[in-house]
Amino acid sequence: MIFTVAIDGPAAAGKGTISKEVAAHFGFAHLDTGLIYRATGARVLAGEDPLAAAQDLRPEDLQRDDLRTGEVAQAASKVAVMADVRAALVAFQKSFARREGGAVLDGRDIGTVICPEAEVKLFVTASDEVRGERRYQELFGKGQDVTREGVLSDLRLRDKRDSEREAAPMKAANDAVVIDTSEMTITEAVEAAVAAVGTVLR
């Protein structure tokens with residue numbers, strides 16, 4: 009069976025957690041496409057050319073411990089606006105999406121650019137303040153030296169860059185189901201996503 013679930017949305021809205029749970033629930037493969045850009049960004053921070061880094065990405069690059077840092081997130085957002093870098097990474101994502109057995113991909117342009125033919129499209133969002141607090145707690149809990157104000161500022165800067173970029177800006181697909189997790193628990197958000205997918209799979 010070939011069945012694609014495209015899940016988009018801004019940082020810290022909960023799409024990563026929801027994507028993993030949806031994939032596990034239905035037995036689909038999961039790809040956090042943001043990690044591809046983060047891994048490319050991390051290699052650029054180490055001194056590599058962006059296009060060369062994208063073309064030479066290896067599976068182990070996605071396992072690095074530093075991919076969730078603010079510095080790497082900003083680097084990922086910067087390389088994501090480069091059309092040649094995006095082109096180098098799109099083919100891998102498209103192939104993954106149509107693999108046998110079903111696939112869940114989460115990112116910022118899955119339903120609009122990577123998989124416009126996806127059987128289910130979700131756009132997971134939340135208020136800036138809620139997302140900022142979630143990301144602050146996540147980073148602070150890992151021992152990173154961050155402030156609430158700094159984390160919120162970084163999120164808004166990244167949102168602005170991702171939504172205004174010329175190549176594949178972040179936006180909800182016209183036929184996407186929007187899930188606002190601002191007032192939801194993780195369980196409620198996952199249940200909403202599973203129900204949306206289940207409606208189509210029936």
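Residue numbers for the sequence shown follow our numbering, beginning at 9 and rising by one.
Positions of the beta carbon are idealized from the N, C-alpha and C atoms, including for glycine.
Query, Result
"Does DSSP put Gly-49 in a helix, in a strand, or in coil?", "helix"
"Could you pull out every residue in the same chain whose Cβ sits closer than 8 Å to the Cβ of Ala-181, ignoring the five residues on either side in sequence?", "Ala-14, Asp-16, Gly-119, Thr-120, Pro-124, Lys-129 and Phe-131"
"Could you check the C-alpha separation between Arg-46 and Thr-207 for me, to the nearest Å?", "33 Å"
"If you drop the 5 nearest sequence neighbours on each side, which residues of the same chain put their C-beta closer than 8 Å to that of Leu-59?", "Met-90, Asp-92, Val-93 and Ala-96"
"Only counting the same chain, and skipping five residues up and downstream in sequence, which positions put a Cβ closer than 8 Å to that of Ala-21?", "Val-132, Thr-133, Ala-134, Arg-139 and Thr-189"
"Only counting runs of 4 or more residues, tell me where the alpha helix (DSSP H) segments fall wholly within the segment 102 to 159, in order along the chain.", "136 to 149"
"Give the list of continuous alpha helix (DSSP H) stretches no shorter than 4 residues that lie fully inside the segment 9 to 38.", "23 to 34"
"Please return the same chain residues whose Cβ sits closer than 6 Å to the Cβ of Gly-109, not counting the five positions on each side in sequence.", "none"
"Work out the CA separation of Arg-173 and Leu-160 for me, nearest whole Å.", "20 Å"
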